[in-house]
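Data block below; observations after.
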Amino acid sequence: MRATTTRRGRTRAAFIAMTAAGAMALGACGSGSSGGPGSDSTQAEEGGEGDGVEIRFSWWGSDDRHQTTQEIIDLFEEKNPGITVVPDYTDWGGYWDKLATSTAGGDTPDVITHEERFIADYANRGVLADLESLDIDTSEMQDTVIDGGRVDGTLYGLATGVNAYAMMADPQIFADAGVEVPDDTTWTWEDFVAVSGELSKAAGDGVYGTQDIGFNEAGLSILARQKGQNLYNEDGSLGVDAETVSQFFQIGLDLQENGGAPDGSRTVEIQNAGPEGSLLGTNAGGMGVWWSNQLGALSSASGHELELLRMPGETEYERTGMYFKPAMFYSVSATTEHPEESAMFVDFLLNDPEVAALQLTDRGLPSNLSVRESILGDLEAADAKVADFMADLEDEIVDGPPVPPNGAGDVQDIMIRLNSEVLFGSMTPDEAAEAFLSEVEAATSN
Numbered sequence: 294m295r296a297t298t299t300r301r302g303r304t305r306a307a308f309i310a311m312t313a314a315g316a317m318a319l320g321a322c323g324s325g326s327s328g329g330p331g332s333d334s335t336q337a338e339e340g341g342e343g344d345g346v347e348i349r350f351s352w353w354g355s356d357d358r359h360q361t362t363q364e365i366i367d368l369f370e371e372k373n374p375g376i377t378v379v380p381d382y383t384d385w386g387g388y389w390d391k392l393a394t395s396t397a398g399g400d401t402p403d404v405i406t407h408e409e410r411f412i413a414d415y416a417n418r419g420v421l422a423d424l425e426s427l428d429i430d431t432s433e434m435q436d437t438v439i440d441g442g443r444v445d446g447t448l449y450g451l452a453t454g455v456n457a458y459a460m461m462a463d464p465q466i467f468a469d470a471g472v473e474v475p476d477d478t479t480w481t482w483e484d485f486v487a488v489s490g491e492l493s494k495a496a497g498d499g500v501y502g503t504q505d506i507g508f509n510e511a512g513l514s515i516l517a518r519q520k521g522q523n524l525y526n527e528d529g530s531l532g533v534d535a536e537t538v539s540q541f542f543q544i545g546l547d548l549q550e551n552g553g554a555p556d557g558s559r560t561v562e563i564q565n566a567g568p569e570g571s572l573l574g575t576n577a578g579g580m581g582v583w584w585s586n587q588l589g590a591l592s593s594a595s596g597h598e599l600e601l602l603r604m605p606g607e608t609e610y611e612r613t614g615m616y617f618k619p620a621m622f623y624s625v626s627a628t629t630e631h632p633e634e635s636a637m638f639v640d641f642l643l644n645d646p647e648v649a650a651l652q653l654t655d656r657g658l659p660s661n662l663s664v665r666e667s668i669l670g671d672l673e674a675a676d677a678k679v680a681d682f683m684a685d686l687e688d689e690i691v692d693g694p695p696v697p698p699n700g701a702g703d704v705q706d707i708m709i710r711l712n713s714e715v716l717f718g719s720m721t722p723d724e725a726a727e728a729f730l731s732e733v734e735a736a737t738s739n
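First residue of the sequence shown? That's 294 in the numbering used here, and the numbers climb one at a time after it.
See below:
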């Protein structure tokens, strides 16, 4: 029997009381938990006799993230005697294989870190719980951010934080070349191509106006949304037409032809070099598109004060296309024997200011707006700039795109290959667009 039914802003008092009482009854055994008979977890303070509850939490990331997350777990256990959180972490490369294996074996973690390209697959297989049936406070989260974790109307993930796909610019490169930084409130895609070419010519010495933008489907998604389309529809089918896809590939070709971006060989080399080896990172370019949380790494690599700009075309077509992307999600296993404690842990991760003070923007700019406000004074300069930029965008963000369908994890590889074909002259933008639609439909038809 469920302890409560969650609604936004609801008090947690009844839930906490029931959790304390339930700790004794639930014990240490549980599907998706490494606990079991013989667990030496601490007895819950309010739980009377019996073992404490043990839940397992999975995530991916760097050693720094692992260390910080362990500190967060320690804090949770200190505040909630009787609940033990077992860490289950690996790097990104091994995370999804490990999660698939544990899920197939009936050993799903109780609390799971998810990513937007994979959450629909797990939701559709019945692995994840409906989070609106659990007591998790989302009153300080924006509706557009909450809805980013819905699959077919059911909430399976809550965003840890948010990022935005944006244009980044180096004002020093522009100033040295005598070219004005474009007005991002009015510029069009044609303006972007033109100013990139102008900057390349004025700067000289191997400095380019921009890095190519065609290797990430997020840029295509924004253009599609500006034109009243979506990369994917709510049912997972493709929602973008061939004309828009061709237009997107054509932008990259135009940049190459007018000198605004490097040729195909140099572009592919740069694409594989990450932020540190990018044009912006090496002071060899004035612009590039990146996720907002990468501003710090790019600024550090360049040694310059970089700026965030809106994507071109935000006032050119039917509507704005930019959106707040969930950096990652917290989900709860549908088979956990400790749903109340798992929900309590997710609530803590999202809403406790002490958690935010520890991890800052490592899992994105906090999705809880009050918590976000509480850490602004502690942010590095680049992260503070991101926070200001996101605040400026709030009134312009209409909604978020539907959750990508099963198979969407393959789409970036398709994008990279086809964009390379266009830049090397092996395919026209129209041919690449038709191939993109055909291959993505095949990849996502599950």
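Ideal placement from N, C-alpha and C gives every residue a C-beta, glycine not left out.
Practice item. Quick one: measure Cβ to Cβ for Pro694 and Tyr616, integer angstroms, because I've assumed they're closer than 8 Å. Key: 6 Å
Point to revise | Opening and closing residue of the beta strand (DSSP E) in which Ala459 lies | key: 458-462
Point to revise | Run of the beta strand (DSSP E) containing His407, from where it starts to where it stops | key: 404-407
Review point. Counting Cβ pairs, one atom from each stretch, are 3 or more of them under 8 Å apart for the segment 422-439 and the segment 393-400?
Key: no
Exercise for review: State the DSSP-derived secondary structure class of Pro632, mapped to helix, strand or coil.
Suggested key: helix
Point to revise | Asp671 classed as buried or exposed, judged by whether at least 16 other C-beta atoms fall within 10 angstroms | key: exposed
Exercise for review: Kindly indicate which three-state DSSP category Leu573 falls into: helix, strand or coil?
Suggested key: coil
Review point. Is it right to say Trp385 is buried, meaning 16 or more other beta carbons lie within 10 angstroms of its own, or is it exposed?
Key: exposed
Check your understanding: Just to confirm, are Gly657 and Ala620 a CB contact at a threshold of 7 Å?
Key -> yes
Practice item. Look up Thr447 in the DSSP assignment and say whether it is helix, strand or coil. Key: strand
Check your understanding: What does a CB cutoff of less than 8 Å around Met683 pick up in its chain, not counting 5 residues either side in sequence?
Key -> Val455, Ala457, Ser585, Phe617, Leu658
Check your understanding: For Lys678, is the classification buried or exposed, using 16 other Cβ atoms within 10 angstroms of its Cβ as the cut-off for buried?
Key -> buried
**Study point:** Beta-carbon gap between Ala459 and Leu601 smaller than 7 Å
**Key:** yes
Point to revise | Own chain, CB closer than 8 Å to Thr613, minus 5 neighbours either side, in chain order | key: Arg518, Gln519, Glu607, Glu689, Ile690, Val691
Review point. In the structure shown, what three-state DSSP assignment does Tyr610 receive?
Key: coil
Review point. Mind checking whether Asp463 and His359 have CB atoms under 7 Å apart?
Key: no
Exercise for review: With a 10 Å radius around its C-beta and 16 neighbouring C-beta atoms as the bar for buried, classify Gly341 as buried or exposed.
Suggested key: In this prediction, Gly341 has a pLDDT of 34, which is less than 50 and means its spatial position is unreliable; nothing more can be read from the coordinates.
Check your understanding: Between the beta-carbon of Leu591 and the beta-carbon of Leu572, is there less than 7 Å?
Key -> no
Check your understanding: Where Asn526 and Asp534 are concerned, what is the direct C-alpha to C-alpha distance, given to the nearest angstrom?
Key -> 12 Å
Point to revise | Which listed residue (Gly375, Ala674, Asn576) has its alpha carbon closest to that of Val346 | key: Gly375
**Study point:** Start-to-end residues for the alpha helix (DSSP H) that takes in Glu732
**Key:** 722-737
Point to revise | Residue burial classification, Asp498 (beta-carbon count within 10 angstroms, cutoff 16) | key: exposed
Review point. In chain order, what residues of the same chain lie with their CB nearer than 7 Å to the CB of Glu381, ignoring the 5 residues before and after it?
Key: This sequence places Asp at residue 381; Glu is not what is there. Answer for Asp381: Arg349, Phe350, Ser351, Pro402, listed in chain order.
Review point. Under three-state DSSP, which class holds Pro646?
Key: helix
Review point. By Cβ distance, which residues of its chain are closer than 8 Å to Val625, with the 5 residues on each side in sequence left out?
Key: Asp403, Val404, Ile405, Leu421, Ala422, Leu424, Leu427, Pro632, Ser635, Ala636, Val639
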